[in-house]
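Scroll down for the structure; my scribbles are underneath it.
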Amino acid sequence: MARVAGVDLAAHKRVDAALIRIYGIGPNNVRVILKNAQIPGETRVKNLNEAQLAALNAVIAKDFRVEGELRRDIEADIRRYIEIGCYHGQRHRRNLPVRGQRTRTNARTRRGSRRTVGAVKPGIKEAPAQPAASKQPAKKP
């Protein structure tokens with residue numbers, strides 16, 4: 000099993016498919032990385048030699064922010080949005096969708112499961128209605 004950018008890559012996969020498992024590297028970045036490292040994409044990870052692994056690590060370290068560094072940068076950006084009080088920060092603080100999605104329906108992933116408000120529990124019955132007291136004075140015998 001090869002280790003690239005702190006991530007273990009599956010040995011049986013092709014290099015172009017395995018590199019996508021690294022946080023911050025997508026299909027377009029994989030093409031750039033493999034071109035700069037001069038490695039064909041159809042090569043299996045188990046067939047890479049030490050020089051090719053070193054070339055992959057060097058290209059990724061030089062040109063890309065990946066894994067922990069990228070996660071810290073994104074977290075810092077979100078904290079900055081919250082501190083300056085911009086719209087993005089307000090939406091993050093309230094745990095609502097940030098990019099303009101509707102919230103009247105949907106948005107369940109961001110808002111969590113539904114919470115019913117104002118429903119009566121099944122075992123509890125409402126108190127019976129009391130008859131209204133009449134406002135007429137009582138008759139004397």
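By numbering that gives the first Met the number 0, the letter at position 48 of the sequence shown is numbered 47, and the numbering carries on one by one without gaps. Backbone N, C-alpha and C define an ideal beta-carbon position, used for all residues, glycine too.
At what residues does the beta strand (DSSP E) containing residue i begin and finish?
i, result
"R71", "Where R71 is concerned, there is no enclosing beta strand (DSSP E), although the alpha helix (DSSP H) it sits in stretches over 66-83."
Going by DSSP, which residues form a beta bridge with residue i?
i, result
"V3", "V6"
"R43", "R13"
I'd like the span of the alpha helix (DSSP H) that includes residue i, first residue to last.
i, result
"N48", "N48 -> no alpha helix (DSSP H), and no H or E assigned at all."
"I38", "First-last for I38: undefined, no H or E at that position."
"T108", "107-110"
"Y22", "Here Y22 belongs to no alpha helix (DSSP H), and DSSP marks it neither H nor E."
"G117", "It is not in any alpha helix (DSSP H) - G117 carries neither H nor E in the DSSP assignment."
"Q89", "86-92"
If you count every other CB in all the chains shown that lies within 10 Å of the CB of residue i, and 16 or more means buried, which is it?
i, result
"R93", "exposed"
"R114", "exposed"
"V116", "exposed"
"A169", "The displayed coordinates of the chain run from 0 to 140. Any statement about residue 169 would go beyond what the structure contains."
"R30", "exposed"
"R71", "exposed"
"R20", "exposed"
"R90", "buried"
"I73", "exposed"
"I59", "buried"
Check the C-beta distance from residue i over to residue j and give it rounded, since I have them as a contact under 8 Å.
i, j, result
"N48", "V3", "Actually they do not touch by this definition, with Cβ atoms about 13 Å apart."
"V44", "L8", "5 Å"
"I24", "L18", "6 Å"
"E66", "G5", "5 Å"
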